[in-house]
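**Q** First the structure, then my questions, so here it is.
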Amino acid sequence: MHHPVVFYLVCLILVIVIPSFLFSIVVLKRTNEAQERIFESLLRTSTGAVNRAVEREISGMFSTLNFLSTSDSLEKGDYASLHGQATKALEGTDIYFLVIDQTMRQLLNTRVPYGTVLKTTSEPVSAGLALERGERIVSDLFFGRTAQQWVFNVYQPMRLANGQHVLLTLTKNAESLRRAVNPDILSPGWNAAVLDSEGTVIVSTDDKQKTGTPFFLRVVPSLRLGVSTMRQGGTEYQVVTEFSSLAGWRMIAWAKSSDVQGPAVSSFLWLTIGGAVFAALAAASAVGIARVLSRDVRLLAHDARRLGHGERVAPRPYAISELETVSRALAEAADARVKSENEVRFLMREVAHRSKNQLTVIQAMLNQSAAGADNAADFADTFRKRVAGLARSTDLMIANATQGVNLAELAKNQLKPFTPDDTTRVRIAGPAVLLDPQASQTLGMALHELSTNATKYGALANETGVVSLSWVTSGDDLNLIWRESRATIDKDAIAASRKGFGSVVLERMLGMALDAKLDFIVHDDGIEWRVTIPLARLRDEDVHQQGTAP
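Numbering (the UniProt record's numbering), first residue to last: 1 to 550.
Pasting the structure below:
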């Protein structure tokens with residue numbers, strides 16, 4: 001087919017416009033599906049945020065119970081003193097502390113002054129279940145006789161020194177959870193609520209859903225997690241439900257289906273009308289544009305053929321700025337092609353070189369892991385962890401190929417998997433030092449092995465040990481110190497660890513690859529490694545210059 005540009009432009013417009021009208025139903029369906037996916041994602045995020053906020057409240061209450069369970073007054077049965085301690089600890093909060101015995105009688109309640117005559121608990125079902133199972137439980141919503149409002153409890157069973165079983169209980173007003181159900185995180189037309197395991201409303205953004213009343217949609221007893229459609233009173237609703245495994249409650253968001261789908265239908269109508277208008281304008285403009293394009297396209301084709309033959313292409317002026325941009329791009333492409341070919345050749349050499357280095361290191365790790373393993377499972381676990389440490393060093397090396405790997409970043413990256421919950425037990429300090437790929441790989445493996453040994457035999461094998469990694473530059477050397485303190489010294493374990501892969505990395509690879517000098521010191525509370533490395537061996541300037549060469 002041979003036709004002028006105007007013919008193809010008009011055909012293009014018709015091909016775009018006519019099918020859009022013929023398949024408007026398909027477009028509407030896809031638009032609705034996309035809208036539903038967006039709402040599903042947003043609402044899952046919203047209900048998930050509510051779920052996390054509620055679980056944070058519950059977790060905080062359990063932490064408070066753990067703290068109060070350590071009170072000496074509780075063990076001694078001095079409830080007057082315990083009442084004062086709990087009142088002071090919970091001051092400024094809307095949480096109250098109770099102690100309940102096996103007969104469901106309240107021994108203490110900080111809602112009222114100590115000495116007030118107390119009755120049995122208002123919610124014996126969950127309390128009895130907690131005592132029977134001997135585990136922590138969150139109750140459903142109930143009306144507290146003492147509080148005279150809707151509340152919920154968290155229970156923690158405990159056996160006292162005298163053999164008596166009691167329930168340490170924190171009670172909280174349901175209304176205080178309202179801040180967890182924030183209407184600002186919901187899309188327009190949507191409401192959210194927190195329901196207990198029986199489907200009773202705890203808090204809700206909808207004023208019609210009162211605390212303590214059954215939820216108007218039947219979401220209990222079935223979980224129906226995720227997004228679903230429900231019908232109630234002749235109205236269809238879209239519902240998103242999340243489940244809290246900690247509390248056994250549900251977080252639900254809902255809206256009328258008509259409100260959700262309305263914007264999509266309106267958007268499609270505007271799209272149809274606008275498409276018809278713009279298609280007409282485009283067809284009218286096609287003839288004028290085609291005349292200019294036909295001339296300029298021929299010139300671009302000529303320049304493209306020259307580029308294909310490797311000739312230099314100079315940019316040309318065109319009536320249409322986009323075509324002028326293409327002309328400049330053709331000129332730049334001719335210059336960039338030579339540069340790209342050179343870079344590709346350099347990168348291929350660099351990839352081959354680094355791949356050989358990696359294979360050599362992996363082979364050494366394989367041999368040493370096999371030699372020190374007692375069984376196949378031990379070998380697989382040890383080898384996998386070492387390869388993972390090597391991979392983390394490689395990721396840093398690739399991310400910082402031209403600038404060099406920062407020693408502090410490498411140390412944090414390698415020690416992160418071994419850092420306990422109390423992060424103050426791992427201390428890293430030192431000035432900025434850049435490493436070349438080979439040095440970063442070797443030091444990364446050394447830090448991994450030191451961390452592994454500390455976890456097995458050293459400071460990280462107990463609950464109090466501390467690992468300190470520090471370094472300073474002195475003259476032409478880097479002085480690096482690995483010090484473990486507060487550790488339980490096991491001479492046999494230390495002797496065994498010095499025969500493993502970690503010592504091979506430190507004493508052989510650091511010594512041979514980086515000309516490092518190493519001193520190993522055993523203190524009463526932990527080991528210490530002192531490593532001195534020439535700074536010149538940490539940064540290969542020749543490789544750096546090749547990596548940045550044009």
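For glycine and all other residues, C-beta sits at the position ideal for the given N, C-alpha and C.
So, is Val125 buried or exposed, given that buried needs 16 or more other C-beta atoms within 10 angstroms?
**A** It is exposed - the Cβ of Val125 has fewer than 16 other Cβ atoms within 10 Å.
**Q** Can you tell me where the alpha helix (DSSP H) with Met512 in it begins and where it stops?
**A** Where Met512 is concerned, the enclosing alpha helix (DSSP H) stretches over Gly511 to Leu514.
**Q** Return the chain-ordered ranges of every beta strand (DSSP E) run that is complete within the stretch 193-266 and spans a minimum of 3 residues.
**A** As far as the stretch 193-266 is concerned, its whole beta strand (DSSP E) runs of at least 3 residues are 201-204, 226-232, 235-243 and 250-256.
**Q** In angstroms, rounded to a whole number, what distance separates the CA positions of Ile95 and Lys416?
**A** Spanning the two alpha carbons is a distance of roughly 37 Å.
**Q** For the beta strand (DSSP E) containing Ala429, list its first residue and its last residue.
**A** Unbroken beta strand (DSSP E) run through Ala429: Val426 to Ala429.
**Q** Distance check for Gly248 and Thr120, CA to CA, integer angstroms please.
**A** Roughly 25 Å separates the two Cα atoms.
**Q** Does the pairing of the stretch 450-461 with the stretch 516-533 give three or more beta-carbon distances under 8 Å?
**A** Cβ pair count under 8 Å is three or more, so yes.
**Q** Taking the beta carbon of residue 567 as the centre, do at least 16 other beta carbons fall within 10 Å, making it buried, or is it exposed?
**A** Since the first residue shown for the chain is 1 and the last is 550, residue 567 is missing from the structure and cannot be characterised.
**Q** State the Cα-Cα distance for the pair Gln149 and Lys210, rounded to the nearest angstrom.
**A** Those two C-alpha atoms are separated by around 13 Å.
**Q** Would you kindly check if the distance between the Cβ of Asn51 and the Cβ of Glu242 is under 8 Å?
**A** Yes, they are a contact pair.
**Q** Applying the 10 Å Cβ sphere with the 16-neighbour rule, what's the burial state of Met512?
**A** Answer is exposed; the Cβ neighbour count stays below 16.
**Q** Between Ala147 and Asn173, how many whole angstroms is the CB-CB distance? I'm expecting something under 8 Å.
**A** Contact holds; Cβ gap of about 7 Å.
**Q** First and last residue of the beta strand (DSSP E) that includes Ser187?
**A** It is not in any beta strand (DSSP E) - Ser187 carries neither H nor E in the DSSP assignment.
**Q** If you reduce the DSSP assignment to three classes, tell me which class Thr70 lands in.
**A** Three-state result, Thr70: coil.
**Q** Helix or strand or just coil, what does DSSP make of Ile289?
**A** Correct three-state label for Ile289: helix.
**Q** Could you give the C-beta distance for Glu108 and Tyr79, rounded to a whole number, given that I count them as a contact under 8 Å?
**A** According to the sequence displayed, residue 108 carries Leu and not Glu. That pair is a contact at about 5 Å.
**Q** Determine the DSSP secondary structure at His165, reduced to helix, strand or coil.
**A** Reduced to three states, the DSSP call for His165 is strand.
**Q** Helix or strand or just coil, what does DSSP make of Met104?
**A** Note: Met104 maps to coil in three-state DSSP.
**Q** With a threshold of 6 Å on Cβ separation, who are the neighbours of Ser470 within its own chain once the five nearest residues in sequence on each side are excluded?
**A** Excluding positions up to five away in sequence, the list reads Ala429, Gly430 and Ile481.
**Q** For the stretch 304-314 and the stretch 325-339, state whether three or more C-beta atom pairs, one from each stretch, are separated by less than 8 Å.
**A** Flag = yes, the stretch 304-314 and the stretch 325-339 touch.
**Q** Closer than 8 Å is the cut-off here; do at least three beta carbon pairs connect the stretch 287-304 with the stretch 4-11?
**A** The stretch 287-304, when compared against the stretch 4-11, does touch it at the 8 Å Cβ threshold.
**Q** What first and last residue would you give for the alpha helix (DSSP H) that runs through Leu129?
**A** Leu129 -> alpha helix (DSSP H) spans Pro124 to Arg133.
**Q** Which of the three DSSP states, helix, strand or coil, is assigned to Val6?
**A** Three-state DSSP puts Val6 in a helix.
**Q** Decide if Leu141 is buried, meaning its Cβ has at least 16 other Cβ atoms within 10 Å, or exposed.
**A** Under this definition Leu141 is a buried residue.
**Q** If I'm right that Leu447 touches Val405 with Cβ under 8 Å, what's the distance once you round it to whole angstroms?
**A** With a Cβ gap of about 12 Å, Leu447 and Val405 do not count as contacting.
**Q** DSSP has Leu98 in a bridge; who is on the other side?
**A** DSSP lists Asn109 and Thr169 as partners of Leu98.
**Q** Considering only the alpha carbon of each residue, which of Ser258, Leu217, Val297 and Ser244 lies closest to Gln232?
**A** Answer by Cα proximity: Leu217.
**Q** Going by the DSSP bridge assignment, what does Met61 pair with across the sheet?
**A** Answer is none; Met61 lacks a bridge partner.
**Q** Exposed or buried, Asp196, counting other C-beta atoms within 10 Å across all chains shown (16 or more means buried)?
**A** Its Cβ being crowded by 16 or more others within 10 Å, Asp196 is buried.
**Q** Hey, out of Leu168, Gln414 and Leu514, whose CA is closest to Ser63's CA?
**A** When each option's Cα is compared against that of Ser63, the closest is Leu168.
**Q** Under 8 Å by Cβ, that's how I've got Val466 and Ser485 pegged, so tell me the actual separation to the nearest angstrom.
**A** Going by Cβ atoms, the distance from Val466 to Ser485 rounds to 5 Å, so yes, they are a contact pair.
**Q** Please name the residue in Arg537, Ala377 and Asp519 whose C-alpha comes closest to that of Val433.
**A** Selected option, being the one with the closest Cα: Arg537.
**Q** Would DSSP call Thr31 helix, strand or coil?
**A** The answer is helix: DSSP assigns Thr31 an H, G or I state.
**Q** Which residue's Cα is closest to the Cα of Phe418: Asp207, Ala408, Ser451 and Arg508?
**A** The residue with the shortest Cα to Cα distance from Phe418 is Ser451.
**Q** Under 6 Å Cβ to Cβ from Glu40, same chain only, skipping five residues before and after it: list those, please.
**A** For Glu40, where only same-chain residues beyond five positions count, the Cβ hits under 6 Å are Val227.
**Q** Consult DSSP for Arg483 and reduce its assignment to one of helix, strand or coil.
**A** Here Arg483 sits in strand by DSSP.
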